[in-house]
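Chains A and B are the protein sequences, given in the same order. Under this note's numbering, think of the first position of the first sequence as 1, with each following residue one higher. Under this note's numbering, think of the first position of the second sequence as 688, with each following residue one higher. The beta carbon of each residue, even a glycine, is placed where N, CA and C say it ideally should be. Worksheet: one structure, shown below.
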Amino acid sequence: MSIDMEQFKATFIEESLEGLDIMESVLLEMQPGEADAEEVDNIFRAAHSIKGGSATFGFSDISNFTHVVETLLDQIRAGEREVTQEAINLFLSSVDCIRDMLAGAQEGFDINLEQVAEVKAGLDRMLGSALETAVPAGAEPEDQDDTPAVTGWKIIFKPFPDMLRSGNDVVRLFRELAGMGEMEAVVDLEGLPALVDMEPEEACLSWEVTLFGNVGREQIDEVFEWVDGDCELSITPLGGDETSAVDTPAEGVPEAANPAPVQAAPVAQERRSSNDRRQGDRRKSRGSSENSSIRVGIDKVDALINLVGELVITQSMLGQLGEDFSMDKVERLKDGLAELERNTRELQENVMSIRMLPISFAFNRFPRMVHDLCGKLEKKIELKMSGEQTELDKTVMEKIGDPLVHLVRNAVDHGIEIPEVRLKAGKSETGTVHLNAYHQGGNILIEISDDGAGLNRERILAKAVERGLTNSGDNLSDAEIFDFLFQPGFSTADVVSDVSGRGVGMDVVKRNITALGGAIDVESRPGNGSTFTIRLPLTLAILDGQLVRVGEQTFIIPLVSIIESLQVEPSRVNAIAGSAELYKLRDDYLPVIRLYDAFGLKPDSTNLEDGLLVVVEGHGQQAGLLVDDLLAQQQVVIKSLETNFRKVGGISGATILGDGTVALIVDIGGIIELSRNGSKRANSAAA
Amino acid sequence: MVIYSGDKWVSDKTSNSEAESVSPIVCDEMMDISIVGELRALLLEALDAKQAVTLDGAAVERADTAVLQVLVAFFQDARSQNITVQWSSASEALTRSAELLGITDILDLKTKAA
């Protein structure tokens, strides 16, 4: 029977990536000199699974690489090696390499061989130094090399009882060995019980194999890769120093003096430029692969099954009612339809919850990033995370990742001061960056705050004046001044580092967040740090909307954007220069946006008092939208207008209503922006 | 005669009784871990019978480690109980597998290649 391994490949890669995440988080917690047995076990297990799986799927580069990592970890586990900062850093680099190799295997692109060879050489050096100390003086380390000097190998092979059950077959292994040179196997019957006492599926025999010929150590390792962890194995060069044999019960053989990285280096050099070129493509393709699957808790699936069950019952009840319907059954029909509506809504909510993932998926990358940046910038920073279990739509999560990285980098690079400066300012040496996520209304809020120096209001203002973004800024609020940070190319950093400070990015951050229907606010306390708050809709697929009518058209205004709706009192309306109108609502003045004007429609009436004003808030600004009538409130499924038609200013999407007509969803931020620009144009025309 | 017929081992009562003391066991093409439990049971029966056993391995296309080690145990036990075991024939695949595991002598397969 042949098994199509392809179907398991994606799962293997997904699980391996999870294993790498575990390795990374444990390594970040690890302190030099203190090897907590449980921590080491955790990383070891992850490495071991990745190695075994990658060998099974034929990713020999991954399995060879992980093998060295695993061997080193095994030495640490056995107390033969101390945990040094160098080892931790090397393991972290290995995690990166394996992650890249896995991504390469998944997407089929070439990996950065140079980086892999460099890290592997480091691992080999570390491993080699251990062996040198283990090998008695006088023993030639070259004896273990894969050089043609070796005339053969002695292999002692003791399968563990369960080895055969996992599909491994000694006949097959030995056939491969026999293909490499002259082979002779001597069986050891010591473990063989009488037939009557025998568990026939358990391995009871062991062997001593002599393999003659110019065979590389790696070739033999490759054969036994399949049974790694399932046997005791000892491989000794024939005629070599017996003491240089490496016994590795259960875990295969370390590649003591593997020349592979040395050979790989020139190759890597040649391929470097093409790898660099591919880097961009790789990131892109990795991003797209994120869309491929989603893990769902069994409780969510069970809830769905229950709901579908209820839906079927309601449907059959309605079906029965329809068979001999009479007017006296109208009440029952209504009840049935109400039940159906409830089921549908619950089903919809449950299906949506499947797409919801805890934000820890996006937060998990930050401990490593902050750790690395601290090393680079010589800062001491503690990263606090809270609300990691707050759930967010998978699509939103994928798109928010990069903006978050940017903001955290900024907090670490520009926000937190170096230890000396902090001490002088009377703060503790270690700064804090806090990531917090929570739900508020129909939104999720993500805060990135630091206890650093805070934003320099004057400097930002000076830069804005210098760049001609404002004249003097006398009347600008803090929020308006900080908003300049999101202008393209705006940077106040004195020194442009490779971490941040080029002024590239904050505009992209804002653009990405806005594209998700979200907003970003900045607060800053001089000397005490700053807080960036991202507000995002929970999902991009469905929204609670208020249906409004303008002339003969129906529009949908997202419910989360609506503050209130009111009848217009003409006395409260002030026309200002150009065509702009302001409505005095309590102590505020709101710009009035006549939707029929914005979208070029014929309204019921152009008199303000005949219509209704829907007060909305978008992008931190309020406005009053003039509509002819308010209709129902309902959940609507968002369809992309861009995909199906083209992008239209002031419209974020469309939906299909119950009667089959298409209704457009108003993009509140967009329409405020649009009307403001319209006013500006009118003003400049008037001037 | 006992043969392995696809999914189980069965006694073939119609076989000739040329030598009633010998119970030929005909091996299937695929002698692997999936049938090793049944093979062991059959070989135990053969040992219990205290009669000479003949094995026919002519059809064997694959013999894996699990099967071969059961045969090794069987041969060892038969020897210690002075029960004669012989091959009427053995396929190349069977003898090659035994050779790879270094058990040709124990299974007495040296010159039995069909």
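Cross-chain neighbours of residue i in chain B, by beta carbon under 7 Å
i      : result
A/V186 : G789
A/W226 : Neighbours of A/W226 on chain B: none; closest Cβ ~13 Å, over 7 Å.
A/V196 : L731
A/P200 : V723, G724, R727, A753, V757
A/R175 : L787
Closest Cα partner of residue i within the set the options
i      : options                        : result
A/A194 : B/I720, B/E716, B/F762         : B/F762
B/D795 : B/Q768, B/G744, B/R749         : B/G744
A/Q117 : A/N64, A/Q621, A/T395, A/P558  : Checking the sequence shown, residue 117 of chain A turns out to be Ala, not Gln. That would be A/N64, whose Cα lies nearest to the Cα of A/A117.
B/Q733 : B/V747, B/E716, B/S721, B/P711 : In the sequence on display, residue 733 of chain B carries Ala and not Gln. The residue with the shortest Cα to Cα distance from B/A733 is B/P711.
A/D521 : A/L423, A/Q621, A/R459, A/T470 : A/Q621
A/T531 : A/L404, A/T236, A/V171, A/W153 : A/L404
A/Q635 : A/V227, A/E14, A/L657, A/T643  : A/L657
A/R332 : A/N343, A/M317, A/D544         : A/M317
A/N343 : A/P570, A/A411, A/K639, A/A303 : A/A303
B/Q756 : A/D61, A/D169, A/D451          : A/D169
B/S784 : B/A760, B/A753, B/S767, B/N769 : B/A753
A/L92  : A/M369, A/S640, A/G33          : A/M369
A/V615 : A/S605, A/E642, A/Y583         : A/Y583
A/S166 : A/V186, A/V227, A/E15          : A/V227
A/Q115 : A/D100, A/D587, A/E107, A/A105 : A/D100
A/G79  : A/D41, A/A479, A/N644, A/L423  : A/D41
A/K427 : A/E447, A/G452, A/L435, A/L407 : A/G452
A/L559 : A/D667, A/I220, A/E339, A/M180 : A/D667
Alpha carbon of residue i to alpha carbon of residue j, nearest angstrom
i      : j      : result
A/D628 : A/L445 : 34 Å
A/Q440 : A/V637 : 21 Å
A/D110 : A/F8   : 21 Å
A/C204 : B/V723 : 14 Å
A/D372 : A/F361 : 19 Å
A/P141 : A/G128 : Confidence in A/P141 is poor, its pLDDT being 40 and thus under 50, which makes the residue's placement too unreliable to answer from.
A/G431 : A/C374 : 10 Å
B/T791 : A/E222 : 27 Å
A/N306 : A/R355 : 18 Å
A/F57  : A/D230 : 17 Å
A/F490 : A/E673 : 21 Å
A/V312 : A/D393 : 28 Å
A/Q633 : A/Q31  : 56 Å
A/S54  : A/T71  : 16 Å
A/N607 : A/D544 : 29 Å
A/S49  : A/V69  : 12 Å
A/K154 : A/R175 : 16 Å
A/E208 : B/L788 : 10 Å
A/E310 : A/S60  : 50 Å
A/G387 : A/G611 : 43 Å
A/S25  : A/E34  : 16 Å
B/D719 : A/N512 : 59 Å
A/S675 : A/L595 : 10 Å
A/D96  : A/G518 : 32 Å
A/G104 : A/E14  : 13 Å
A/D587 : A/L566 : 16 Å
Where residue i sits in the DSSP three-state scheme
i      : result
B/R766 : helix
A/F363 : helix
A/G19  : helix
A/P148 : Reliability of the predicted coordinates at A/P148 is poor, the pLDDT of 44 falling under 50, and no value is obtained from them.
A/D143 : In this predicted model, A/D143 has a pLDDT of only 40, less than 50, meaning its place in the structure is not dependable; the value taken from the coordinates is given anyway. Here A/D143 sits in helix by DSSP.
A/F532 : strand
B/K737 : coil
B/I790 : coil
A/C374 : helix
A/A66  : Note that residue 66 of chain A is Thr in the sequence shown here, rather than Ala. Three-state result, A/T66: helix.
A/R646 : coil
Rounded Cβ spacing between residue i and residue j (contact assumed at less than 8 Å)
i      : j      : result
A/L321 : A/K329 : 6 Å
A/L590 : A/A623 : 6 Å
A/L516 : A/K399 : 6 Å
A/G670 : A/G649 : 6 Å
Proximal residues of chain B, C-beta to C-beta of residue i below 8 Å
i      : result
A/A117 : Simply none; closest approach about 37 Å.
Neighbour list for residue i in chain C, Cβ cutoff strictly below 9 Å
i      : result
B/L734 : The chain inventory of the structure shown lacks chain C, comprising the protein chains A and B.
Chain A contact residues for residue i, given Cβ-Cβ distances below 9 Å
i      : result
B/I720 : L164, R165, G167, D169, P200, E201
Per-residue contacts from residue i into chain B (C-beta, under 9 Å)
i      : result
A/L192 : Q756, V759, A760, Q763
A/W207 : L788, G789
Cross-chain neighbours of residue i in chain A, by beta carbon under 7 Å
i      : result
B/D784 : Before going on, a small fix: residue 784 of chain B reads as Ser here, not Asp. Ordered by position in chain A, the residues that pass the 7 Å Cβ test against B/S784 are V171.
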